[in-house]
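Participant:
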Amino acid sequence: MSRTRTERLVNLVICLLSTRRFLTAAQIAATVPGYEHDPDDARDHEAFQRKFERDKAELRELGVPLETGTASAFDAEPGYRIAHREYALPDILLEPDEAAAVGIAARLWQHAGLAAAASSGLAKLRAAGVDVDPQATLGLEPMVTVDPAFAPLTAAARDRREVGFDYRVPDRDAPSRRRLQPWGVVCWRGRWYVVGHDQDREATRCFRLSRVVGAVRVTGAPGAYEPPANVDLISHVARWSGPVERTGRATVLAAPGRAAGLRRWALEVTAGPDGDRLVLPYAEPDGLAGHLVGYGPDVRVLDPPEVREAVIQRLKEIAVRHDELAVGGGAR
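Using mature numbering (1 follows the signal peptide of the UniProt record, and there is no 0), the letters of the sequence shown map in sequence onto residues -25 to -1, 1 to 307.
(1) Is the separation between the beta-carbon of A4 and that of F23 shorter than 9 angstroms?
(2) Below 9 angstroms between beta carbons: does that hold for A225 and V276?
(3) Count the CB pairs spanning the segment 234 to 251 and the segment 202 to 215 that are closer than 8 angstroms, and state whether there are at least three.
(4) If contact is defined by three or more beta carbon pairs under 8 angstroms, each pair taking one atom from either stretch, is the segment 182 to 197 in contact with the segment 148 to 166?
(5) By a C-beta neighbour count over all protein chains shown, 10 Å radius and 16 as the cutoff for buried, is R56 buried or exposed?
(6) With distances taken Cα to Cα, identify the nearest neighbour of R(-5) among G271, H59, C181.
(7) Quick one, which of D278, R214, D175 has its alpha-carbon nearest G223's?
(8) Do you know whose CA, among A294, V144, T194, lies nearest L128's CA?
(9) Please list, in chain order, all residues of the same chain as E281 whose beta carbon is under 8 angstroms from its beta carbon, the five residues on each side excluded.
(10) So for L(-10), helix, strand or coil by DSSP?
(11) Identify which residue in A230, D298, F182, P8 has its Cα closest to the Cα of T(-20).
(12) One question on the structure: do W158 and P202 come within less than 9 angstroms of each other, judged by their Cβ atoms?
(13) Is DSSP giving Q156 helix, strand or coil here?
(14) Which residue from K26, A1, T6 puts its Cα closest to that of P14?
(15) I'd like the span of the beta strand (DSSP E) that includes E28, first residue to last.
(16) Check for me: the beta strand (DSSP E) holding L237 runs from which residue to which?
(17) Considering only the beta carbon of each residue, do R180 and L155 sit closer than 9 angstroms?
(18) Report yes if the C-beta distance between L242 and V227 is below 9 angstroms; otherwise report no.
(19) DSSP has T(-2) in a bridge; who is on the other side?
(20) Please look up how many angstroms separate the CB atoms of T(-2) and G54, rounded, as I've assumed it's under 8 angstroms.
(21) Hey, how far is the Cα of Q288 from the Cα of P272?
(22) Please tell me whether V268 and V295 are closer than 9 angstroms, where the distance is taken between their beta carbons.
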């Protein structure tokens, strides 16, 4: 299944889950990205109908309980919705490490190209007077962002396309040009890295995404190379980055019963009337800040000032990113 069709199907499911009434094909076409067409053009409308029929069949084959019916006895055209009770999962109890993995995946949602389109579709439904379940939009656009190079590098790795970018290392003043055949992007110790074959050095290399300067440029054709079989990207990054000495100490205030991941990591935990004070080891303020913002209002930095300022800067960047997404979604 192509990525475009996958995105369309996901948006269709979100749309049909977000309303309690039956939506007609015309309402779906006007709401879900990927179904845009001219209904007055016979050929264009016929193409939409074929696409929609294929997608309905695909959803049913996947086990999605797609219902057909009408909102009232006066409706001549049938509509569609998804049966919530049949589609909903039972309560799932996650172990702490499993919950952490889900949290990381949630951070990537906005970069999958789905959240903004889905939010735009829900806004269109509201504008059309359709009753939308407000709980259905929770979690569509998480506030934690990743580096700007993340999206183009993951796309290039997926499509097997060579890329070029400028890369800055701490001991050099000017960035250097790199040509890479990316194999994949991974997270290691709170940082994102791309691993691949460095064309100029003819060797395996990994690069920290936060050190990529400017835009990532795609230079190769799709399918131009194949990564090694069963390659362990995390092992490459771990060998390259080496051990991290966490000589710094930060004190944070955690809400009662919250931030379980930080509590396991803490060197000291002191209970108090306004929450628990945790003493955390860290190597650099920005790295710790990137980890702390994922806990939202459940955690507040008390000391040192460098960590508190790094968290504030991260939150400002998140706010700017959120505003950009909101503007972009509203312009669709």
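Glycine residues also receive a C-beta, built at the ideal position from the N, C-alpha and C atoms.
All values derive from a computational prediction rather than experimental measurement.
Facilitator: So, from the data block:
(1) yes
(2) yes
(3) no
(4) yes
(5) buried
(6) H59
(7) If we check each option's Cα against that of G223, D278 comes out closest.
(8) T194
(9) Correct list, in chain order: P260.
(10) helix
(11) Residue P8 is the option with its Cα nearest to T(-20).
(12) yes
(13) strand
(14) A1
(15) Boundaries for E28: no beta strand (DSSP E) harbours it, while the alpha helix (DSSP H) harbouring it runs 17 to 36, taken from the DSSP string.
(16) First-last for L237: 235 to 240, but that is the alpha helix (DSSP H), not the beta strand (DSSP E).
(17) yes
(18) no
(19) G54, per the DSSP bridge assignment.
(20) 5 angstroms
(21) 15 angstroms
(22) no
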